[in-house]
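In this note's numbering, the protein residues as written are 36 to 400.
Backbone N, C-alpha and C define an ideal beta-carbon position, used for all residues, glycine too.
Shown next, in structure tokens, is the structure this report addresses.
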């Protein structure tokens, strides 16, 4: 059941048939053994991954805690739910308790890192990720995560760029390393390096794992390769090539949206593409639609990412007042834009000469 739920959540199969498989397996397990903690955990993830029904997931996790109170896996689930619900202290408490139960669990340490990073507690985030590296030195994403902290804190890309050079060639699951390398190259405005990175990746969809900023990435979403090709072409002032790539990306994303019309991240991606194509009304409509689908009140972890998309799209289409107003609401909240990201991410270039944006950066720092 959990595997089916994860395949749905991470975008590998967003069909209702996949969700039904998850539901059938979870309900069967619970029917056969009503007091089995793992069965309740499977049902929790079905509601969490399938519907973002964190209230129902919490009910099943509570039952799992009663059945297997010393399980680090259950505490991680409890922490993840609390994080989505905006209960950040509870989330940290559960993840820290999970670390006590299983100090060598990479899943626990990753969740701690993500939570502290979202809370802008950078020293704590680094401490969590530093514990993971001796456990599995070949866990390359943990090395990249550690070096991404400075990007969020100060906007410096050099540490992350240096870490990317240490990743063995051929290690690029789902194009996730390529995504990080592309985003860093685009932040550096190094379009030759961006093209080299993109050309070296065979994947047509590139996974984002949340280590390369907020404005131009969607944690847990797979972005069409053509989107990045369009950004590179535009950076080189080749508008004809850029539009062709963006149009191709639009077709792919619209096809996904037909299959999953309520998916906020796909809707947000379409908003970005419309903005890149100059379809300003469509861009703003889709961005607002994405925020309606996944507001911060519904999901305190992903909600700020979607809300940041609204600000970035507004900036891209020349709606500076809307962009600034949105950023004023977001800067400083958990998993919202940070001073470093505002400085580094190219999505904010249209706002750089705006005195209000400069004041925002000063306030954030």
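Simplified DSSP state of residue i, which is helix, strand or coil
i: residue 192; result: coil
i: residue 246; result: coil
i: residue 241; result: strand
i: residue 259; result: strand
i: residue 333; result: coil
i: residue 298; result: coil
i: residue 58; result: helix
i: residue 308; result: helix
i: residue 51; result: helix
i: residue 370; result: coil
i: residue 203; result: coil
i: residue 355; result: helix
i: residue 73; result: helix
i: residue 36; result: coil
i: residue 169; result: helix
i: residue 140; result: coil
i: residue 158; result: helix
i: residue 289; result: helix
i: residue 409; result: Here the chain comprises residues numbered 36 to 400, so residue 409 is not present and cannot be evaluated.
i: residue 45; result: coil
i: residue 224; result: coil
i: residue 252; result: coil
i: residue 380; result: coil
i: residue 116; result: helix
i: residue 208; result: helix
i: residue 104; result: coil
i: residue 313; result: coil
i: residue 388; result: coil
Classification of residue i by the beta-carbon crowding that lies within 10 angstroms, buried from 16 upward
i: residue 341; result: buried
i: residue 351; result: buried
i: residue 86; result: exposed
i: residue 384; result: exposed
i: residue 17; result: Residue 17 lies beyond the stretch modelled for the chain, which goes from 36 to 400, so this question has no answer here.
i: residue 201; result: exposed
i: residue 55; result: exposed
i: residue 40; result: buried
i: residue 129; result: buried
i: residue 50; result: exposed
i: residue 217; result: buried
i: residue 38; result: exposed
i: residue 93; result: buried
i: residue 388; result: exposed
i: residue 43; result: buried
i: residue 393; result: exposed
i: residue 158; result: exposed
i: residue 99; result: buried
i: residue 139; result: exposed
i: residue 177; result: buried
i: residue 90; result: exposed
i: residue 146; result: buried
i: residue 193; result: exposed
i: residue 207; result: buried
i: residue 297; result: exposed
i: residue 104; result: exposed
i: residue 313; result: exposed
i: residue 369; result: buried
8 Å contact criterion, which residue i and residue j should meet: CB distance rounded
i: residue 134; j: residue 144; result: 7 Å
i: residue 377; j: residue 371; result: Actually they are not in contact, since the Cβ atoms of residue 377 and residue 371 sit about 10 Å apart, beyond 8 Å.
i: residue 344; j: residue 322; result: 6 Å
i: residue 233; j: residue 263; result: 6 Å
i: residue 109; j: residue 76; result: 6 Å
i: residue 267; j: residue 326; result: No, residue 267 and residue 326 are not in contact; Cβ-Cβ is about 28 Å, not under 8 Å.
i: residue 299; j: residue 348; result: Their Cβ separation, rounded to whole angstroms, is 14 Å, which puts residue 299 and residue 348 out of contact at 8 Å.
i: residue 214; j: residue 183; result: Contact flag wrong, Cβ pair sits at about 12 Å.
i: residue 181; j: residue 375; result: Not really, about 15 Å apart at Cβ, beyond 8 Å.
i: residue 148; j: residue 164; result: 5 Å
i: residue 102; j: residue 65; result: In fact, because the Cβ distance is near 11 Å, the residues do not count as touching under 8 Å.
i: residue 186; j: residue 399; result: Actually they are not in contact, since the Cβ atoms of residue 186 and residue 399 sit about 14 Å apart, beyond 8 Å.
i: residue 265; j: residue 242; result: Actually they do not touch by this definition, with Cβ atoms about 18 Å apart.
i: residue 316; j: residue 305; result: With a Cβ gap of about 13 Å, residue 316 and residue 305 do not count as contacting.
i: residue 112; j: residue 127; result: With 8 Å as the limit, residue 112 and residue 127 do not qualify as a contact, their Cβ atoms being about 15 Å apart.
Bridge-paired residues (DSSP) for residue i
i: residue 339; result: Looking at the DSSP assignment, residue 339 forms no beta bridge with any residue, so it has no partner.
Proximity test, residue i beta-carbon vs the ligand MG heavy atom, cut-off 7 Å
i: residue 240; result: With respect to the ligand MG, the structure shown offers nothing to examine, as it has no ligands at all.
CB contact below 8 Å: residue i versus chain B
i: residue 205; result: As a matter of chain content, chain B is missing from the structure shown, which is built from one protein chain.
Practice task
Count the CB pairs spanning the region 327-344 and the region 115-133 that are closer than 8 Å, and state whether there are at least three.
Solution key: By the Cβ criterion, the region 327-344 is in contact with the region 115-133, since at least three pairs of Cβ atoms, one from each stretch, lie closer than 8 Å.
Handout entry: Validate contact between the region 282-290 and the region 213-225 using beta carbons, cut 8 Å, 3 pairs
Key = no
Exercise for the section: Indicate whether the contact test is met: 3 or more Cβ pairs, each with one atom in the region 72-91 and one in the region 51-63, closer than 8 Å. Expected result: Counting Cβ pairs under 8 Å, three or more are found: they touch.
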